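Structure, as structure tokens:
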Amino acid sequence: MGIIKDVKAITVSIPLDHPTSFSSRQVLKRDYALVEITSDSGHVGIGFCYGGSNAGSLVTQAVRELLRPLLLGQETYQVEGLWQKMYQEALLHGRTGSVMRAISIVDTALWDHNAREVGLPLYKLLGAHASDSVPAYASGGYYLDGKSPEDLADEMKGYVAQGFRAVKLKVGRESLAKEEARLAAVREAVGPDILVMMDANNAWRDLPSALAFMRMAEPYDPYWIEEPFSPDDIDNHRRLAQRTSVPVATGEIEAGRWRFKDILDQEAAMILQTDAAVCGGITEFRRITATASSFGVDVCPHWFHDLHVHLVASSPNTPFVEYFADDQVLNFRRLIDTQLVAKEGRLLLPTAPGLGFGFDAKSVARYAVDEWQ
């Protein structure tokens with residue numbers, strides 16, 4: 063049983079090769095916070111999260127200054143107890159946002175450490191639901207300067223050619239006519255049997271605007287509409303869910319089981335997109351998926367397929383991993399030494415202990431904003 067000897071964190075910042083847009087903003091770079099937890103057994107567990115396009119060091123500092131003192135000298139297997147201590151310590155600093163992301167990183171590193179110590183892939187330590195692979199959907203369809211509806215359709219068709227039976231594109235930035243041209247081109251390119259998800263990234267401020275878009279989109283049989291409003295606007299999520307035949311999905315930047323229970327209680331979403339690197343870590347992710355299961359709701363986790371492949375493989379109500387086929391948007395892929403293998407629309411489960419990958423030291427050094435400390 064390992065006793066925590068050290069907790070180190072670092073901030074890295076990776077520029078995107080091309081400015082990439084969502085409905086309401088443009089991203090030029092991504093900041094990540096990375097953590098290593100070392101125990102007296104000699105094993106090292108790793109954790110990570112997206113710290114935003116700017117000021118990712120806020121997450122790193124929360125690990126160093128707020129959480130590290132609580133962890134030193136503690137047993138690594140006291141995951142539930144340590145989660146509660148971290149949460150209680152952080153009450154006055156923020157129960158969501160950067161501080162909860164810091165808790166998420168540490169919690170992930172603890173689970174990773176413990177899986178490595180017993181020599182098991184993480185999904186097996188968590189109680190495997192799948193044994194060799196899990197379904198994935200190909201995520202992309204971002205707005206780029208000069209990218210036409212035909213270019214978007216070719217991108218989505220390319221994912222289908224790789225074996226994916228579900229694809230996702232961004233929506234909500236352009237006029238209704240231009241958005242319809244994009245969606246129509248995609249549906250024609252992939253055919254009627256492919257699931258097409260739509261991600262609005264908080265595009266609309268009011269219900270009439272969202273309804274106008276959904277009336278346009280419904281004939282193209284989308285699988286879901288993701289984040290139509292601000293994550294805090296649960297009421298409008300509920301109102302939209304009542305008025306469209308398309309399932310509403312949300313929750314990628316929500317934190318804590320209580321907030322997700324509000325969404326479920328209000329029937330504001332039929333699909334939750336809980337992100338273990340945001341919501342409170344693997345420990346809290348498992349609580350949220352269990353709660354969702356009691357409501358008959360699925361969880362399709364957001365981002366970080368390298369982490370969420372383990373959680374989808376160990377949870378029965380998690381039908382998809384979100385998968386990014388290259389490192390242009392999820393450029394975190396540049397920081398790790400082993401990539402997941404996609405085959406016929408599924409991700410092969412890692413066989414190595416823990417998460418199944420490590421940080422690539424040269425890449426981390428290349429993009430580091432500060433030093434491990």
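Residue numbers (our numbering): 63 to 435. Yeah, the Cβ is synthetic: ideal placement off N, Cα and C, and Gly gets one too. These figures come from a predicted structure and were not determined experimentally.
- For Q88, the beta-bridge partners assigned by DSSP are S83.
- By the Cβ-count criterion, H80 is exposed, with fewer than 16 other Cβ atoms from all chains shown falling within 10 Å of its own Cβ.
- Within the same chain, G234, R235, A262, N263, A265 come within 6 Å of S85 by CB-CB distance, once the 5 residues on both sides are set aside.
- Comparing C-alpha distances from R178 to each of S101, A117, G203 shows the shortest one belongs to S101.
- According to the DSSP secondary-structure assignment, A404 is paired through a beta bridge with L409.
- Minimum Cα-Cα distance from A171 among the listed residues R321, G342, Y199 corresponds to G342.
- Per DSSP, V106 is one residue of the beta strand (DSSP E) stretching across 106 to 114.
- Looking at the backbone, the Cα of R428 and that of L120 are separated by about 20 Å.
- The alpha-carbon of V252 is positioned some 36 Å away from that of R319.
- Cα atoms of D324 and K424: separation of roughly 43 Å, rounded to the nearest angstrom.
- Distance between F226 and A215, taken at the CA atoms: about 14 Å.
- Within the same chain, Cβ atoms closer than 8 Å to the Cβ of E137 are found at M63, G64, I65, I66, the five residues on either side in sequence being excluded.
- Taking C-beta atoms under 8 Å as the contact rule, A317 and R130 fail to qualify, at a distance of about 20 Å.
- In this structure the segment 204 to 223 does not lie against the segment 362 to 374, because fewer than three pairs of beta carbons, one per stretch, are closer than 8 Å.
- Secondary structure of A95 (DSSP, three-state): strand.
- Beta-bridge partners assigned by DSSP to L134: none are found.
- For L257, the uninterrupted beta strand (DSSP E) segment begins and ends at 257 to 261.
- Scanning its chain for C-beta atoms nearer than 6 Å, with the 5 sequence neighbours on each side dropped, one finds around F386 the residues S201, L392, in chain order.
- C-alpha of R305 to C-alpha of A430: approximately 47 Å in a straight line.
- Around the beta-carbon of P270, fewer than 16 other beta-carbon atoms lie within 10 Å, marking it exposed.
- E384 has Y199 as its beta-bridge partners, per DSSP.
- Here the segment 277 to 292 makes contact with the segment 234 to 249; the two share three or more CB pairs at distances below 8 Å.
- By the criterion of a C-beta distance shorter than 8 Å, L373 is surrounded in its chain by Y185, L188, A338, I344, F347, R348, T351, P363, T380, once the five residues flanking it on both sides are discounted.
- Shown here for F419: same chain residues with a beta carbon closer than 7 Å to its own, the five before and five after excluded, namely D368, I398, D399, T400 in chain order.
- Per DSSP, the continuous alpha helix (DSSP H) segment holding W320 begins and ends at 319 to 327.
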